[in-house]
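Read through the structure below, which is laid out as structure tokens, and then see the notes.
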Amino acid sequence: MALPKIVTPEYTIQLKSVKNPVRYRPYLVKEEKLFLTAKESDDPKEMERAILHVIQNCTFGELDVENLPTFDVEYLFLQLRAKSVNNIVDLRYECRNTLRDEAQRTSPTDDGRCHHVVTLNVDLNNIAITTDDAHTPVVTLQSGLHVEMTYPSMKTVQAIQGEGDTTSTADKVSQMLLAALKTITTADGTVYEVRDYTDAERLEFVDELPVEDLRAFEQFFTTMPTVRYGVPFHCDKCAHDETVTLQGLDSFFT
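In terms of the working numbering, the sequence shown opens at residue 197 and continues consecutively.
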């Protein structure tokens with residue numbers, strides 16, 4: 197006689213980059229084991245791979261997880277965690293309020309700050325994806341070209357950031373930009389699909405842009421949707437108040 201099967205509930209969620217609601221279930225013990233193994237490796241890349249693997253499992257293989265924008269991955273994972281474990285996350289935050297100026301400090305290691313640790317209770321059900329009102333996925337260049345952009349996936353970000361110290365910051369920025377180019381439209385309506393061109397051709401296009409155009413691309417990245425949440429903080433030692441901004445998965449689980 198077989199052991200009884202436990203019925204796992206299903207939910208739906210609306211992601212920003214996916215047209216239709218996405219089905220998902222809470223993660224189970226088998227997925228929790230993936231997290232534990234990744235955590236033991238002490239490798240951020242392993243944890244990111246585990247997150248993508250768990251999301252793939254919990255969305256029944258119906259979602260193109262590897263090409264999902266980072267903000268949708270983060271939002272979906274936080275909702276998975278809320279349904280699977282607890283919607284409340286306790287974070288320990290150290291008060292950085294300055295109490296003593298340089299003349300009042302008692303030792304070389306005294307930075308004058310409070311350093312009292314306070315536990316913050318964050319309700320994951322209140323987390324949402326926020327978008328800057330000035331954001332647009334189409335960048336207009338000085339030449340009149342219109343460049344449609346795509347949002348970088350976690351896989352893309354992981355690949356670029358994982359290239360190590362031998363790759364300069366400028367090169368990584370260029371690679372992120374190249375990965376985000378989707379189409380280029382001229383004034384007469386001709387549309388160029390960037391994926392149809394080689395890496396060398398795409399790089400030549402970017403390298404020959406006026407510097408001012410790079411600022412327009414920078415605006416795209418700095419205003420793109422993100423998972424960001426402000427938590428009120430009160431230090432019961434020095435009475436300092438501030439709003440702690442949480443952004444990115446690491447900030448919700450450290």
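Note that CB positions come from ideal geometry on N, CA and C, so glycine has one too.
Residues near H331 in its chain [Cβ-Cβ closer than 7 angstroms; skip 5 each side]: Taking the first residue of the sequence shown as 1, we reach residue 331 at position 135. Closer than 7 angstroms at Cβ, skipping near neighbours: T419 and M420.
Within 9 angstroms, strictly: CB atoms of T252 and V261: Taking the first residue of the sequence shown as 1, we reach residue 252 at position 56. Taking the first residue of the sequence shown as 1, we reach residue 261 at position 65. Here residue 252 is Gln; the residue named in the question, Thr, does not match the sequence. In this structure, Q252 places its C-beta atom within 9 angstroms of the C-beta atom of V261.
C-beta contact flag for V314 and R288 at 9 angstroms: Working through the sequence shown from its first residue, we reach residue 314 at position 118. Working through the sequence shown from its first residue, we reach residue 288 at position 92. In contact: V314 and R288 (Cβ atoms closer than 9 angstroms).
Rounded straight-line distance, which links the Cα of D307 to that of R301: The sequence position of residue 301 within the sequence shown is 105, counting from 1. The sequence position of residue 307 within the sequence shown is 111, counting from 1. Roughly 7 angstroms separates the two Cα atoms.
For N283 and A375, the rounded distance between their alpha carbons: Along the sequence shown, one-based indexing puts residue 375 at 179. Along the sequence shown, one-based indexing puts residue 283 at 87. Between A375 and N283, the alpha-carbon positions lie close to 34 angstroms from each other.
L211 in three-state terms, based on DSSP: The sequence position of residue 211 within the sequence shown is 15, counting from 1. In this structure, L211 counts as coil in the three-state DSSP scheme.
Span separating the alpha-carbon of L263 from that of L248: For the purposes of this step, residue 263 is taken as the residue at position 67 of the sequence shown. For the purposes of this step, residue 248 is taken as the residue at position 52 of the sequence shown. Position check: residue 263 holds Asn in this sequence, whereas Leu was assumed. Using only the alpha carbons, I get a separation of about 10 angstroms.
Rounded distance between the beta-carbons of K378 and E344, thought under 8 angstroms: Along the sequence shown, one-based indexing puts residue 344 at 148. Along the sequence shown, one-based indexing puts residue 378 at 182. The C-beta distance from E344 to K378 rounds to 5 angstroms, short enough to meet the 8 angstroms contact threshold.
Buried versus exposed call for K279 [16 or more other C-beta atoms within 10 Å across all chains shown]: Counting from one through the sequence shown, the residue named residue 279 turns up at place 83. Flag for K279 reads buried.
Rounded Cβ spacing between P428 and S349 (contact assumed at less than 8 angstroms): As a first step, residue 428 is located in the sequence shown; it is residue number 232 there, counting from the start. As a first step, residue 349 is located in the sequence shown; it is residue number 153 there, counting from the start. Contact check for P428 and S349: beta-carbon distance about 33 angstroms, past the 8 angstroms limit, so the pair fails to qualify.
Any non-hydrogen atom of the ligand PLP closer than 8 angstroms to L259 Cβ: This structure lacks the ligand PLP; in fact it carries no ligand of any kind.
Neighbourhood of E408 by C-beta, 8 angstroms cutoff - its chain only, sequence neighbours within 5 removed: Locating residue 408 in the sequence shown gives position 212, counting from the first residue. Cβ neighbours of E408 within its own chain (closer than 8 angstroms, five residues either side excluded): Q338.
From S447, E438 and T346, residue whose alpha carbon lies closest to that of V423: Looking up residue 423 in the sequence shown gives position 227. Closest by C-alpha distance to V423, out of S447, E438 and T346, is S447.
Cβ neighbour criterion (16 or more within 10 Å) applied to A435: Working through the sequence shown from its first residue, we reach residue 435 at position 239. Exposed is the call here.
Residue range of the unbroken alpha helix (DSSP H) whose run includes V281: The sequence position of residue 281 within the sequence shown is 85, counting from 1. Boundaries cannot be given for V281, as no alpha helix (DSSP H) includes it and DSSP labels it neither H nor E.
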